[in-house]
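Residue numbers (the working numbering), protein chains in the order written: chain A, 11 to 380; chain B, 146 to 441.
Here it is in structure tokens:
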């Protein structure tokens, strides 16, 4: 068993009597790419600043590389950080920006030059070395900011929403670049974002946070396929998971799910075998979580999916997919159909519901039931 | 149809031209109005006493001479001594230069702390410093005299420097603090992670960014300290008086005839350094004053 590169135990952070972070426990192995994701104000950036030592913690411990870092100043934590605003030193050239940390630490000149050249080559910023940050584009500044972190070769990299100031196209490019860097360097990274797509594409491990509390820790596929509660289910994935109020009951030996529909027969999904153990003779209120891709056109449905005719309210063609809105259990529900699906708003369409990857949540607590 | 249209635009042009001319005339009149005293001072300083008595105030000098300037600089009498402004001018330089430098440096350090290293009670302390800007000079005269006496600095130039530095800190801190709050806090955080400490961040990152606000502060402080009369007259003694006090003494000397040409030359000499600072750095002054308002 390898030693975790970052190990956070029972961490609390309070401002006065307000708890910003509550009982945070996270640890990552060397080479992990941990993404902290959540809506704004969930405490993810505060947690990152606590790891960096830029903010004090109220209780608990943070260990980096097996060494307890509680109370250790940022410069002695063997970390490097990339900031949202890039935070390049405006009066220094790109080269000076990158070597500033080494200069402060008294690394000798030849070594500084060697590492600068190496990083500049890696990030393809050699032609920019003599420019000032003000003369660079957003993407170039981003590269310089990463260069400043890379050159330090730290135990742990910290990224604070590094892509949120870039335009959409550049963001996708830089995302790939960061992924490639992680792959090539096998660096350990903690990365903060509010963008769930960034989280899914980059992470080896995701921490979903809300209100200073960790909602779920898992691999991207665990988070996506088995969300721990309705918040995670709703937050991760685009379009969001459909959360449909429904009833679970036992019909003979089989569980079935009943969804009310306005102005027509309720929709009954049988063969909900995965939920057999949960069902009882009496009806039980549950919330059915179905990803849009688990509702498809009946003609192209996977085996085992159950067909039903539904009234189509809105059709949104999106190039590769066509999204179809229907109404189930009083909620608007999105289905993801293939691009050339033959549906028209206001008509009925045959849709197939695949319960294989469905989640069930308790309506009162929001927690995952099955 | 087209005729009237052309005529009406022609009329429009004439009106616009007249308005523009009126504007220029108004501006020129105001400029002349403000320059008039300076003009009178300069021409008077170049005339002989004879010509001043006989000629018009506004007339150009018939035989321009720098004799009055020479006398003002090195021969005019302040009370019983007749050494001109020269020794007092150097007193003012010895007083103003260190006082400006020290108060600017302390202002930069204070502003940096208030803007980027927040601590408990910072707001109250800053409010207190601001309050210090608005305390009238007269209020502190007696307590200050007592303190200077206790420190054995009474009547010395270092004593005057101390007074001006203390009085200047409120303003210089305000200037630098307002300039530095526009600098994102992430810059300090990045430097901390890079391993830089408090002073390294100030000297390597903040001071190199500060040229516009340094210029503003230096102009402000230099003008204040050079032009100060009250502290100068209160806390100096024979031999350590600044130029403003000497000027007063020359003009108010009651022995012999009133030498208007010498008085005028002396007044211009006493005002020259502040004029010079404005001319050299004035461009940055306007730029620096507005720098805090627009980010970047």
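Note that CB positions come from ideal geometry on N, CA and C, so glycine has one too.
Inset, instruction - Can you grab the Cα-Cα spacing for the pair residue 437 of chain B / residue 416 of chain B, in whole Å? - result: In the second chain, residue 437 of chain B corresponds to position 292, counting from 1. In the second chain, residue 416 of chain B corresponds to position 271, counting from 1. Here residue 437 of chain B scores only 44 on pLDDT, less than 50, and its place in the model should not be relied on; the value that follows carries that caveat. So the alpha carbons of these two residues sit roughly 30 Å apart.
Legend entry - CA-to-CA distance, residue 280 of chain A to residue 380 of chain A, given in whole angstroms: Locating residue 380 of chain A in the first chain gives position 370, where the first residue counts as 1. Locating residue 280 of chain A in the first chain gives position 270, where the first residue counts as 1. Rounded to the nearest angstrom, the two C-alpha atoms are 16 Å apart.
Inset, instruction - Consult DSSP for residue 368 of chain B and reduce its assignment to one of helix, strand or coil. - result: Indexing the second chain from 1 puts residue 368 of chain B at position 223. Residue state, collapsed to three classes: helix.
Inset, instruction - Kindly indicate the opening and closing residues of the alpha helix (DSSP H) around residue 285 of chain B. - result: Translated into the one-based positions of the second chain, residue 285 of chain B becomes position 140. In the DSSP assignment, residue 285 of chain B falls within the unbroken alpha helix (DSSP H) covering 282 to 295.
Inset, instruction - Express the C-alpha separation of residue 367 of chain A and residue 314 of chain A in angstroms, rounding to a whole number. - result: Position 304 of the first chain, counted from the first residue, corresponds to residue 314 of chain A. Position 357 of the first chain, counted from the first residue, corresponds to residue 367 of chain A. Approximately 12 Å between the Cα atoms of the pair.
Legend entry - C-beta neighbour in chain B for residue 141 of chain A, strict 9 Å: As a working note, residue 141 of chain A is residue 131 in the first chain. No, residue 141 of chain A lies away from the interface with chain B (no Cβ there is under 9 Å from its Cβ).
Legend entry - Neighbouring residues, chain E, relative to residue 360 of chain B (Cβ below 8 Å): The chain inventory of the structure shown lacks chain E, comprising the protein chains A and B.
Legend entry - Where the beta strand (DSSP E) containing residue 327 of chain A begins and where it ends: Start at 1 with the first residue of the first chain, and residue 327 of chain A comes out as number 317. Per DSSP, residue 327 of chain A belongs to the beta strand (DSSP E) from 316 to 327.
Legend entry - Alpha-carbon spacing of residue 440 of chain B relative to residue 360 of chain B, whole angstroms: As a working note, residue 440 of chain B is residue 295 in the second chain. As a working note, residue 360 of chain B is residue 215 in the second chain. Bear in mind that the predicted position of residue 440 of chain B carries a pLDDT of just 37, short of 50, making it too unreliable to give a figure here.
Inset, instruction - Verify whether the separation of the beta carbon atoms of residue 216 of chain A and residue 34 of chain A is less than 9 Å. - result: As a working note, residue 216 of chain A is residue 206 in the first chain. As a working note, residue 34 of chain A is residue 24 in the first chain. No.
Inset, instruction - Counting only the same chain and skipping the five closest in sequence on each side, list residues whose C-beta sits under 7 Å from that of residue 249 of chain B. - result: Working through the second chain from its first residue, we reach residue 249 of chain B at position 104. 317, 359, 362, 363 and 366.
Inset, instruction - For residue 67 of chain A, decide whether its Cβ has a neighbour in chain B, counting only Cβ atoms nearer than 9 Å. - result: Taking the first chain and counting its residues from 1, the one referred to as residue 67 of chain A is at position 57. No, because no Cβ of chain B sits closer than 9 Å to the Cβ of residue 67 of chain A.
Inset, instruction - Could you run through the stretch 165 to 188 of chain A and flag, in chain order, every residue whose CB is less than 9 Å away from some CB of chain B? - result: 168 and 170
Legend entry - Distance CB(residue 321 of chain A)-CB(residue 336 of chain A) smaller than 9 Å: Locating residue 321 of chain A in the first chain gives position 311, counting from the first residue. Locating residue 336 of chain A in the first chain gives position 326, counting from the first residue. It is a contact, given that the beta carbons lie within the stated cut-off.
Inset, instruction - Take every Cβ of the stretch 191 to 204 of chain A, pair it with every Cβ of the stretch 29 to 44 of chain A, and state whether three or more of those distances are shorter than 8 Å. - result: yes
Inset, instruction - Answer yes or no: does any C-beta atom of chain A fall closer than 9 Å to that of residue 357 of chain B? - result: Walking along the second chain from the start, residue 357 of chain B turns up at place 212. It does not; no Cβ of chain A falls within 9 Å.
Inset, instruction - Please confirm if residue 440 of chain B has its CB atom under 9 Å from at least one CB of chain A. - result: For this step, residue 440 of chain B is matched to residue 295 along the second chain. Annotation note: pLDDT 37 at residue 440 of chain B (below 50); position unreliable, coordinate value reported separately. Cβ-Cβ to chain A under 9 Å: no for residue 440 of chain B.
Inset, instruction - Can you grab the Cα-Cα spacing for the pair residue 412 of chain B / residue 188 of chain B, in whole Å? - result: What you label residue 412 of chain B is simply residue 267 of the second chain in a count that begins at 1. What you label residue 188 of chain B is simply residue 43 of the second chain in a count that begins at 1. Those two C-alpha atoms are separated by around 13 Å.
Legend entry - Where residue 114 of chain A meets chain B, residues with beta-carbon distance less than 9 Å: Here the question's residue 114 of chain A lines up with position 104 in the first chain. 336, 339, 340, 341, 342, 345 and 349, listed in chain order.
Inset, instruction - Starting from residue 101 of chain A, find everything on chain B with Cβ-Cβ shorter than 8 Å and list it in chain order. - result: Reading the first chain from its first residue, position 91 is the one you call residue 101 of chain A. The answer, in chain order, is 350, 353 and 354.
Legend entry - 4-residue-minimum alpha helix (DSSP H) runs that sit fully inside the stretch 197 to 252 of chain A, ordered along the chain: 206 to 212, 230 to 235 and 240 to 245
Legend entry - Alpha-carbon to alpha-carbon, residue 387 of chain B and residue 233 of chain B: Reading the second chain from its first residue, position 88 is the one you call residue 233 of chain B. Reading the second chain from its first residue, position 242 is the one you call residue 387 of chain B. Cα to Cα, residue 233 of chain B sits roughly 5 Å from residue 387 of chain B.
Legend entry - Residues that residue 331 of chain B contacts on chain A, provided the C-beta gap is smaller than 9 Å: By 1-based counting over the second chain, the position of residue 331 of chain B is 186. The answer, in chain order, is 93, 94, 95, 96, 97 and 170.
Inset, instruction - Could you spell out where the beta strand (DSSP E) holding residue 297 of chain A opens and where it closes? - result: Along the first chain, one-based indexing puts residue 297 of chain A at 287. Start and end: 294 to 300.
Inset, instruction - Classify residue 175 of chain A as helix, strand or coil using the three-state DSSP reduction. - result: Residue numbering aside, residue 175 of chain A sits at position 165 when the first chain is read from its first letter. Coil at residue 175 of chain A, not helix or strand.
Inset, instruction - Report all residues from its chain with a CB closer than 7 Å to the CB of residue 73 of chain A; omit the five preceding and five following residues, and keep chain order. - result: On the first chain, position 63 is the one that residue 73 of chain A refers to. Around residue 73 of chain A: 17 and 79.
Legend entry - Neighbourhood of residue 153 of chain A by C-beta, 7 Å cutoff - its chain only, sequence neighbours within 5 removed: On the first chain, position 143 is the one that residue 153 of chain A refers to. Counting only Cβ-Cβ distances below 7 Å, and skipping sequence neighbours, we find 133 and 135.
Legend entry - Contacting residues, own chain, Cβ-Cβ under 6 Å from residue 150 of chain B (five flanking each side not counted): Translated into the one-based positions of the second chain, residue 150 of chain B becomes position 5. Residue placement at residue 150 of chain B is poorly supported in this model, since its pLDDT is 49, which falls under 50; the coordinates still yield a value, given next. Closer than 6 Å at Cβ, skipping near neighbours: no residue.
Inset, instruction - Taking only runs that begin and end inside the stretch 324 to 373 of chain B, name each unbroken alpha helix (DSSP H) of 4 or more residues, in chain order. - result: 330 to 339, 343 to 346 and 356 to 372
Legend entry - Reduced DSSP category for residue 70 of chain A - H, G, I as helix; E, B as strand; rest coil: The residue given as residue 70 of chain A occupies position 60 in the first chain. Three-state result, residue 70 of chain A: strand.
Inset, instruction - Output yes if chain B places a C-beta closer than 9 Å to the C-beta of residue 110 of chain A; else output no. - result: Looking up residue 110 of chain A in the first chain gives position 100. Closer than 9 Å to some Cβ of chain B, the Cβ of residue 110 of chain A qualifies, so yes.
Legend entry - Distance between beta carbons of residue 328 of chain B and residue 99 of chain A, contact taken as under 8 Å: For the purposes of this step, residue 99 of chain A is taken as residue 89 along the first chain, with counting starting at 1. For the purposes of this step, residue 328 of chain B is taken as residue 183 along the second chain, with counting starting at 1. Not confirmed; about 11 Å, so no contact.
Legend entry - Exposed unless 16 or more other CB atoms sit within 10 angstroms - verdict on residue 330 of chain A: In the first chain, residue 330 of chain A corresponds to position 320, counting from 1. Burial call: exposed.
Inset, instruction - Please check if any C-beta of chain A sits within less than 9 Å of the C-beta of residue 437 of chain B. - result: Against the second chain, residue 437 of chain B aligns to sequence position 292. Per-residue confidence for residue 437 of chain B stands at a pLDDT of 44, beneath the threshold of 50, marking its modelled position as unreliable; no derived number is given.
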